[in-house]
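Here is the structure we will look at, set down as structure tokens.
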Amino acid sequence: MLQEYRFTVTHVPGPRNELPDFLSRNPITQEVPAECLQDDRMYPELHQTQEYEEALYQTVIRSQRFDEGCTRDKARLWIIQQEGPADEEDRRVAKKYVVLDDLIWFRKHSHRALLVPTEMRPRILDEYHESRLAGHPGRDETQRAIQRLYHWPGVNKDIKTYVRTCLVCASEKRGAPQGAAPQRPHVPEQPWKTISLDVLGPYRETKEKNRFVMVATDLFTKWVEAKPTQTSTIRSMIQFLEEEVFHRWGFPEQIITDNGPQFRSNVWRRYLTRQHLTHFTAPIYQRANPVERRVQELKKVLRTKEPREKWDQHLSEALYNLRTRTNAATGTSPSELLLGHVLPRPGDWAVPLEAQPPPPPPRKDRVRRARDRQVIYQRRLFPRPREPQLQFKRGDQVMARNHQPGHPLDKKWTGPPRGHQEIGRIHLRARPGRACTSIPLGRLEASARRQDADHPGRRRNMPDRCLGGV
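According to UniProt numbering, the sequence shown is numbered sequentially starting from 1.
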């Protein structure tokens, strides 16, 4: 006990220290009471007031007794119980409610439920849905838990609205199946107006130190240009575009790429501005990038070539295969549509002129026929949806599905995205700060964010009675 105090040891001579010396030489012979041996008597007495939180049920009872609307309803019910109902409305009220112990109760089949005043309804909803002991149950379970003890007019509607607008439930739980956004494929108009660019690899390093393949496709003719490279930097891509595409076929108007980091660099943006090129990025789905189809075909051809360690040497031969194959969308081969003739094979020049197929139509007719065929082909491939899709407008609060969570317990939905928003036909472009994010409409749903003023228990124009005009 003495260790809790700080002492200063000072020597006192015996003549000046007579009283302590006398006490030590004359011990008390009588027994010391037990309470004097306790350490608690050495500490100062503390006067504390402990606050106990009132139970929710008792809070509702107290609120009902002091609520003005409930007081008026209680007087009305008391008159009905004493004198009988005066009209049909009184009979409905008397059938549903009763006054017992100076409280209003809702009649149920097996028991009674306490009527909740208007000011207490938001707290009841919060306690039975968002509290730690509730754990954000669904609508049905929230209704069962609340209606076991409480009731108010429109309780089911308030619970349904409350659960539906719960941001935590919308983020963590899987909601109703969301229909995919309508497919609106872009129909190219003429050769080399719109191209698609992609990078393959890294692959097994070849003798020439090549590990990547850069692929560019003309979306109209399906003509493919590709080149093996050692790196996949944006400067090597620009060099590939200029040497293999732009200086050979001309500069396009639009370039479509994936969301790779190379295409978000400042070097790429400055180059696009300098060459007057418009850049579009495809969604995260591979099928959304038009070059992916040509990429898959190119990979299939390369897999048939031996030895595979020399895949970069087989690339030009694989391009020849792709350029001479008939495309299902255009109805002709890329070489015939672009060059006006089929690339001859070895020995084709020995075929007599009268035995050769008729020459293709003029360029203008070839372009028109290919454009019409692609429109028909894409209509058959992407039919119009029968069900109406969700329509969003600028300023709407939306949430996006998280397709690639980093942890099994991560949220299934994220959002709402902050910042400036632009709603397009297929995408939402949100700018949370300086970065720009493109989200397909098929991954969006209306936000469940609940404003405090829109709380189901805080409805406007509520009647001044707890019974709500029943």
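Note that the Cβ used here is the ideal one computed from N, Cα and C, for glycine as well.
Assign PHE66 to one of two classes, buried (16 or more other C-beta atoms within 10 Å of its C-beta) or exposed (fewer than that). exposed
Taking all protein chains shown into account, decide if PRO117 is buried (16 or more other Cβ within 10 angstroms of its Cβ) or exposed. buried
Could you give the first and the last residue of the continuous alpha helix (DSSP H) run that contains VAL116? Unbroken run through VAL116: none, as it is neither H nor E.
Mind checking GLN229: buried by the 16 CB within 10 Å criterion, or exposed? Rather than Gln, the amino acid found at residue 229 in this sequence is Thr. That one is buried.
Hey, out of ARG91, ARG308 and ARG211, whose CA is closest to PRO202's CA? ARG211
Sorted by chain position, which residues of the same chain lie with C-beta nearer than 8 angstroms to ALA113's C-beta, five sequence neighbours on each side aside? Non-local beta-carbon contacts of ALA113 in its own chain, meaning distances under 8 angstroms to residues more than five positions away in sequence, involve TRP105, PHE106, GLN147, ARG148, LEU149, TYR150 and HIS151 in chain order.
Kindly indicate which three-state DSSP category ALA288 falls into: helix, strand or coil? Here the model assigns ALA288 a pLDDT of 47, short of 50, so the residue's position is not dependable and the matter cannot be decided.
Whose CA, out of TYR57, GLU54, ALA55 and LEU100, lies closest to the CA of ALA75? LEU100
Give the secondary structure of TRP311 by DSSP, where H, G and I count as helix, E and B as strand, and everything else as coil. coil
I need the DSSP call for PRO228, collapsed to helix, strand or coil. Here PRO228 sits in strand by DSSP.
Tell me whether GLN89 is buried or exposed, calling it buried when 16 or more other Cβ atoms sit within 10 Å of its Cβ. In the sequence under discussion, the amino acid at residue 89 is Glu, which differs from the Gln named in the question. Under this definition GLU89 is an exposed residue.
Nearest by alpha-carbon distance to LYS193: which of GLN378, SER333 and LYS222 is it? LYS222
Can you name the residues that DSSP bridges to MET237? MET237 is not bridged to any residue.
List the endpoints of the continuous alpha helix (DSSP H) containing SER63. 56-66
Once you ignore the five residues that flank LYS411 on each side, which residues in its own chain have a CB closer than 7 angstroms to its CB? SER171, GLU172 and ASN402
Neighbourhood of GLU336 by C-beta, 7 angstroms cutoff - its chain only, sequence neighbours within 5 removed: VAL342 and PRO360
Assuming ALA329 and LEU298 form a contact by the criterion Cβ under 8 angstroms, report the distance between their Cβ atoms to the nearest whole angstrom. The C-beta distance from ALA329 to LEU298 rounds to 17 angstroms, too long to fall under 8 angstroms, and the pair is not in contact.
Could you tell me the distance, in whole angstroms, from the CA atom of MET120 to the CA atom of HIS136? 19 angstroms
Cβ shell of LEU77 (< 8 angstroms), same chain only, five flanking positions each side left out: VAL93, ALA94, TYR97, VAL98, VAL99 and ILE104
What does DSSP give as the partner residue(s) for GLU445 in the beta ladder? MET399
Could you say which of GLU205, VAL215, GLU208 and GLU54 lies nearest to ILE195 if we only look at CA atoms? VAL215
My output table needs one value for VAL213: the three-state DSSP class, helix, strand or coil. strand
With burial defined as no fewer than 16 other Cβ atoms inside 10 Å of the residue's Cβ, what is the status of SER316: buried or exposed? exposed
Going by beta-carbon coordinates alone, are ILE255 and HIS279 separated by less than 8 angstroms? yes
Coarse secondary structure for SER171, derived from DSSP in three states: helix
Residue nearest to ARG274 in terms of C-alpha spacing, selected from PHE251, ARG91, ILE124 and ASN321: PHE251
So, helix, strand or coil for THR281, using DSSP? strand
Can you tell me where the beta strand (DSSP E) holding GLN143 begins and where it ends? Element bounds for GLN143: not the beta strand (DSSP E) but the alpha helix (DSSP H), 139-147.
TYR97 in three-state terms, based on DSSP: strand
Taking only three categories from DSSP, how would you classify GLN275? coil
Whole angstroms are fine: how far does the CA of GLN356 sit from the CA of GLY340? 15 angstroms
If you reduce the DSSP assignment to three classes, tell me which class PHE7 lands in. The three-state secondary structure of PHE7, taken from DSSP, is coil.
Identify the continuous alpha helix (DSSP H) that holds ARG164 and give its terminal residues. ARG164 -> alpha helix (DSSP H) spans 155-164.
First and last residue of the alpha helix (DSSP H) that includes LEU338? 334-339
In three-state DSSP terms, what is ASP71? Going by the sequence as given, residue 71 is Thr instead of Asp. Looking at THR71 - three-state DSSP - the assignment turns out to be helix.
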